[in-house]
DNA sequence: TAAATTAGCTTACAGCTGTACGCTTAACGC
DNA sequence: GCGTTAAGCGTACAGCTGTAAGCTAATTTA
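Chains as they are written, first to last, in full-length UniProt numbering: chain B, 1 to 204; chain R, 1 to 204.
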């Protein structure tokens, strides 16, 4: 890669990082201005356009990066779970750890999920869909559920996990522990309930 | 009430209504400006301050009104359920009906739940808490669950309902039907699962 | 090596924002 | 009836926004 392309990439990263760094419980992506981001990245406002068409394009890039981080997390969790132990417990713990180390990645996903930009919502939905379908596939195989039931179960579980994630973002570690325990309990409810429904439908 | 107070109340309502009317899938409360709201309500921007200290105060008023609408809905649903039939099914249908007739009330609640203003999040949390504790109390009584389990169950159910509500906001009627059916299925999972966990803990 | 490309800069502008200040006018309390 | 109160208005201003236009200087290409 040439010197020029390298420098361009570096500045682009500076912009993305600047945007991530400005996110917090009090500051959503949509409240950031192009000028603020450029300022934080130490470039002139108008230079922003050399990298992104507008703030939306930056935001979608961030959502995609966030999604990538999520998928990497899933793999990590699955690996750990293979060593034995409660899959639910291990997954929840992994989720909480990643949430703790990348809070702003989650902020943009959790906030824009119910945001006002349709492309954003679609992008987040796409990322969450990865979660759901992988989990549904997993349950379908391991527990021999029928597809429809597996899908509903997976969706419910992912919903509960993400909702807990949103709540956890503003919590201290001790509060998070309680939350995690309750989440595990809720996930077990769903799992048990799905089992019962499954037996009913298949009449055995 | 005097002529003066009456007129003031009327203008205040015009402001609240103007703000509600400007909400949509593409427009969140936090993206509204004081001037826009004043314009829509046909008053001068500076007159806004005769009624609210700032936009935040307006927003909190709206959240409170939304919460009120929710609680009225709950009562309506409970009355219907008393006439017999599946409590879950009836509650979901009621919820969807109210969602359909007051979409913007839900928009502000659903969006500000994960918003950037702490007072807003707290206000929404308070409203949702009403839901959870009433439901927990109901289950504790009807199904003789222990408090901790009842609480976790209620929280899970409310989470699932609100999440489905957010998704339903941008859907056509036919899509909503599918969503509602899946939601019912998920709620039954949670209910069944809680039952099983309950029996386990109490060893009978 | 000369020409072309391009990341980043400075300057500039129109449009929006919240809100301070002071006025008018109609209802209120005495 | 008369002084007081207050809802609503118009004007004004500073500060922010996105972005258009054109320049500079360094890299790339031919």
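The beta carbon of each residue, even a glycine, is placed where N, CA and C say it ideally should be. Keep in mind it's a predicted model, so treat the numbers as computed, not measured.
Measuring C-alpha to C-alpha distances from residue 73 of chain R to each of R:61, R:62, R:90 identifies R:90 as the nearest. Under DSSP, residue 24 of chain B forms a beta bridge with B:27. Boundaries of the alpha helix (DSSP H) around residue 138 of chain B: 118-142.
Between residue 70 of chain R and residue 134 of chain R a beta carbon distance of about 11 angstroms is seen, past the 8 angstroms cut, so the two are scored as non-contacting.
Rounded to the nearest whole angstrom, the C-alpha separation of residue 99 of chain R and residue 176 of chain B is 32 angstroms. When Cβ pairs closer than 8 angstroms are counted between the two stretches, the segment 41-55 of chain B is seen not to touch the segment 103-122 of chain B, the count staying below three.
Here the alpha carbon of residue 36 of chain R sits roughly 22 angstroms from the alpha carbon of residue 34 of chain B. Under the Cβ distance rule, residue 144 of chain B does not count among the residues neighbouring chain R, no pair being separated by less than 9 angstroms. Here residue 179 of chain R carries a helix assignment [DSSP, helix/strand/coil].
Going by beta carbons, residue 123 of chain B and residue 67 of chain B fall inside the 9 angstroms limit. Bounds of the alpha helix (DSSP H) holding residue 108 of chain R are 103-113. By the Cβ neighbour-count rule, residue 186 of chain R is buried, with 16 or more other Cβ atoms within 10 Å of its own. Taking a contact to require three or more Cβ pairs closer than 8 angstroms, the segment 48-62 of chain B and the segment 80-94 of chain B do not qualify as touching. In this chain, residue 85 of chain R is not harboured by any alpha helix (DSSP H), its DSSP state being neither H nor E. The DSSP-derived three-state label of residue 66 of chain B is helix. In this structure, the beta-carbon distance from residue 168 of chain B to residue 194 of chain B does not fall below 9 angstroms. Residues are counted here when their Cβ sits less than 9 angstroms from a Cβ of chain R; for the segment 149-164 of chain B these are 149, 151, 152, 153, 155, 156, 159, 160, 162, 163, 164, given in chain order.
For residue 92 of chain R, no Cβ of chain B is located within less than 9 angstroms of the residue's own Cβ. Taking 9 angstroms as the upper bound on Cβ-Cβ separation, chain B lies near residues 24, 25, 26, 27, 28, 30, 31 of the UniProt domain "HTH tetR-type" (10-70) of chain R.
In this structure, residue 118 of chain R lies near residue 25 of chain B, with their beta-carbon atoms less than 9 angstroms apart.
Within 9 angstroms of the CB of residue 168 of chain B, no CB atom of chain R is found; the nearest one sits about 12 angstroms away. From the listed residues B:32, B:17, B:132, B:11, the smallest Cα separation to residue 50 of chain B is found for B:11.
Taken in chain order, the members of the segment 97-120 of chain R whose beta-carbon sits within less than 8 angstroms of a beta-carbon on chain B are 110, 111, 113, 114, 115, 116, 117, 118. Listed along the chain, the chain B residues whose CB falls inside 7 angstroms of the CB of residue 190 of chain R are 189, 190, 193.
The beta carbon of residue 158 of chain B is closer than 8 angstroms to those of 128, 131, 132, 135 in its chain, skipping five residues each way along the sequence.
Residue 7 of chain B has a beta carbon lying at 9 angstroms or more from every beta carbon in chain R.
In the three-state scheme derived from DSSP, where H, G and I count as helix and E and B as strand, residue 170 of chain R is classed as coil. Within the same chain, and ignoring the five residues on either side of residue 170 of chain R in sequence, the residues whose Cβ sits closer than 6 angstroms to its Cβ are 25. Rounded to the nearest angstrom, the gap between the Cα atoms of residue 115 of chain R and residue 139 of chain R is 31 angstroms.
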